[in-house]
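Number of protein chains: 2
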Amino acid sequence: MITTSLRRSALQQVACPTPAPDSGCVQLGHGSGGKMSARLLRERFLPRFGNKYLDGLGDGARVPVEGVEVVVSTDTFVVSPLEFPGGNIGHLAVHGTVNDVAMMGAVPKYLSAGFVLEEGLGFDVLDRILDAMAEASAACGVEIVTGDTKVVDRGKADGLFVNTTGVGFLSDGFRPAPDLARPGDSVLVTGPLGRHGMAIMAAREGLAFEADIESDTASLVPLVEALRVAVGAGVHCLRDATRGGVASALNEIAQASGVGVALSGDLPVPTAVEAACEMLGLDPLYVANEGVMVALVSPEVEADALAALRAHPVGASATRIGHVVAEHQGMVVLRTGLGGTRVVDMLPGDQLPRIC
Amino acid sequence: MITTSLRRSALQQVACPTPAPDSGCVQLGHGSGGKMSARLLRERFLPRFGNKYLDGLGDGARVPVEGVEVVVSTDTFVVSPLEFPGGNIGHLAVHGTVNDVAMMGAVPKYLSAGFVLEEGLGFDVLDRILDAMAEASAACGVEIVTGDTKVVDRGKADGLFVNTTGVGFLSDGFRPAPDLARPGDSVLVTGPLGRHGMAIMAAREGLAFEADIESDTASLVPLVEALRVAVGAGVHCLRDATRGGVASALNEIAQASGVGVALSGDLPVPTAVEAACEMLGLDPLYVANEGVMVALVSPEVEADALAALRAHPVGASATRIGHVVAEHQGMVVLRTGLGGTRVVDMLPGDQLPRIC
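Chains A and B supply the protein sequences, listed in that same order.
Read in order, the letters of the first sequence are residues 657 to 1012 in my numbering.
Read in order, the letters of the second sequence are residues 657 to 1012 in my numbering.
And the structure:
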């Protein structure tokens, strides 16, 4: 039995302060993957760095090398705590970047790794994180080919941050992109939603949920490869549903493609995640996943795509959650249990900061 | 006039605690680029990640893409303070990685950029850093093609950290490497030593030296290209003399190649740097540079190499500082003013932490 006071206090701890986007400085919400992040990029980064590769704001860039295109993607990991049920920051650092490369339609091959270590970080923790990176890299078929370690004084970092940058190779004719969604496309998700975010939340706040929730951190490379082989160019968009969850991934696609997304309301949310979200006042559509992607595919290949995904353990519970529509362009709309609809907008700031 | 007590207090502030390498946790010295860094890599990272690309511990990796080799290099920047005479962390983030790619013999082409922003970082500071990155990228002929921004709560970082990863293209027959030094090679440096480290130190400690010292942060790409065109495979080893300075760069080369290095003692140290080093008890051979490289070249191409370097402003004061010898393998030895010699070993830990 959870009292209201516990619920309030938990919420106060986990929620960010109300964002004040014009305060003249960086706020936690700028790291959310939501509206504040988008505005930070649009106002400060793109005007300075903008070029044809960066402007797409995809999960990475496709750049020419010796007449062929390769994919480059980068991600910095700042998750707190460093270790959580189901994994640690080392798993995320490999899976996160490998997955971003895969979302561009490429097979990841090389990783770089750049560490910021805080003075006083125990070698036992560091070793477990490096073990996780080594295991995950081997499982994903990537090699860590170059790296860097920096150390900052005690109190100037939070244990360990790590950046990984991935390079991957493309196959002919397979170029999913956020702006390729078309009305009629089926919107698939490859697994149950919300596990990573709620596992982090439980670890961070010392909350005990009725059922243990583990992070879903996993490589999506085999799922992308399965889709490529099974339905090829029938795959229009791929996006891993990390920061900002499925809601943000679909909003970005809807905006990039100039289409609407209609969700059926029948979402694969595990009971334990649903209960935990209810307790904390969170919406599972916005909770981060680290082993789930959304895939928008032509309706005629939907059955083959689902079969291909379900043949792999990580995609065993792949399912359709909605359709692309020509109406309400740039918006995601959810049919509610009562037969109404509600707009699933991007959040301004963070539900859960420091999630990856 | 500087009193002894001021000198002691400045030294106590800037020097790291005596390293205790077996304390079971990360210490500042592990980020030095010296012996503790090497041990951390050898004991914790290489056994887990080791592969033919990483094991060379070069400034980057040469990896095959579609039958050709490309260079990938990564560097994370944690310099404190973020802004200093002559530049800011944005200049370092571009020049540092671009230079590492160049040290592998490649022309850098693409950069990724991964930011850790601390809540509360002023947009004015962020804007100046992004401006510097944009300017430096344009000047170096590289494009920032993909990126990531994360935000951590106040007190959990130190303003801003940034990782850049670079991809560069190689030319036929130009593959300098740390293990290619041969007895007889001329040891060249491309500019005056110690400016970056002392500029940081002055900014950090609020020290006023008699003459202003500015960081030498600069792209080394034109110098490498000039050497390639002028003397090609006559260039055996290139290394930018950053963390750990010229001493560490040459020790790494001596060990990788199984040769000795004999320095003449006639080192290009600006008077202001020499005075500042003397005041703080530092040795300019170990002080970081961000726009100086050591180049080991065949003796028969020395004159052409120096001419090529001096034709460019960044290399205008390029000079020979010593030779590679068959004796004292793996060691660097300096001829002193009194006619004796002293061993220039790698330092165990840091002279100057958080330098880049």
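Beta carbons are placed, not taken as given, at the ideal position from N, Cα and C, and that holds for glycine.
Counting only unbroken stretches of 3 or more residues, the beta strand (DSSP E) elements lying wholly within the region 676 to 745 of chain A are 717 to 721 and 724 to 733, in sequence order. In this structure, the alpha-carbon of B/P1009 lies about 25 Å from that of B/G986. Between the region 727 to 739 of chain A and the region 768 to 778 of chain B, the count of Cβ pairs shorter than 8 Å is three or higher; the stretches touch. Using a Cβ distance threshold of 8 Å, B/G712 and B/P764 do not count as a contacting pair.
Taken through DSSP and simplified to helix, strand or coil, A/I1011 comes out as coil. Within the same chain, and ignoring the five residues on either side of A/H984 in sequence, the residues whose Cβ sits closer than 7 Å to its Cβ are G916.
Cβ-Cβ distances below 7 Å link B/V957 to V887 and G890 in the same chain, with the five nearest sequence neighbours on each side left out; the list follows chain order. Listed in chain order, the non-local C-beta contacts of B/G689 below 6 Å within the same chain comprise R899, G900 and S904, local neighbours out to five positions each way being set aside.
When Cβ-Cβ separations below 8 Å define contact, A/I800 makes contact with chain B. B/H968 carries a coil assignment under DSSP once its states are collapsed to helix, strand and coil.
Chain A has no Cβ within less than 8 Å of the Cβ of B/S920. At least 8 Å separates the CB of B/V843 from every CB of chain A. For a cut-off of 8 Å, the C-beta gap from A/V885 to A/V950 is around 19 Å, too long to register as a contact. For A/S693, the CB contacts under 7 Å within the same chain, skipping 5 residues up- and downstream, are H686 and G687 in chain order.
Taking a Cβ-Cβ threshold of 8 Å, none of the residues of chain B is close to A/R831; the smallest such distance is about 16 Å.
Shown here, B/N755 sits in a helix according to DSSP, grouped into three states. Uninterrupted alpha helix (DSSP H) stretches at least 4 residues long and entirely within the region 773 to 809 of chain B occur at 779 to 796, given in chain order. Among the CB atoms of chain B, one or more fall inside 8 Å of the CB of A/R700. Looking at the DSSP output, B/G978 bridges to B/V843 and B/L919. Taken through DSSP and simplified to helix, strand or coil, A/M857 comes out as helix. The DSSP-derived three-state label of A/H984 is coil. One alpha carbon belongs to B/G680, the other to A/V807, and they sit about 15 Å apart. Exclusion of the five residues before and after A/A837 leaves H892, C893, I909, S913, V915, L952 and V980 as the residues of its chain whose Cβ lies within less than 6 Å of its Cβ.
For B/N945, no beta strand (DSSP E) encloses it, and the DSSP letter there is neither H nor E. Burial state of A/P878 is buried, judged by a 10 Å Cβ sphere holding 16 or more other Cβ atoms. Using a CB distance cut-off of 8 Å, A/P1009 counts as an interface residue toward chain B. Exclusion of the five residues before and after B/A795 leaves S875 as the residues of its chain whose Cβ lies within less than 7 Å of its Cβ.
When B/D939, B/L938, B/K691 and B/D896 are compared, the shortest CA-CA separation from B/G714 is found for B/D896.
By the C-beta density criterion, B/S920 is exposed, having fewer than 16 other C-beta atoms within 10 angstroms. Non-local C-beta neighbours of A/S736 in its own chain, meaning closer than 7 Å and more than five positions away in sequence, comprise D814, R860 and R1010, ordered along the chain. Between A/G687 and chain B, the shortest Cβ-Cβ separation is below 8 Å. Within a 10 Å sphere around the beta-carbon of B/N707 sit fewer than 16 other beta-carbons, which makes this residue exposed. Residue-level contact check: A/G690 does not touch chain B, since none of the beta carbons of chain B fall below 8 Å from its beta carbon. By DSSP's assignment, A/N819 forms a beta bridge with A/T732 and A/G770.
A direct Cα-to-Cα measurement between B/G971 and B/D922 gives close to 17 Å. Beta-bridge pairing by DSSP links B/L826 to B/A762.
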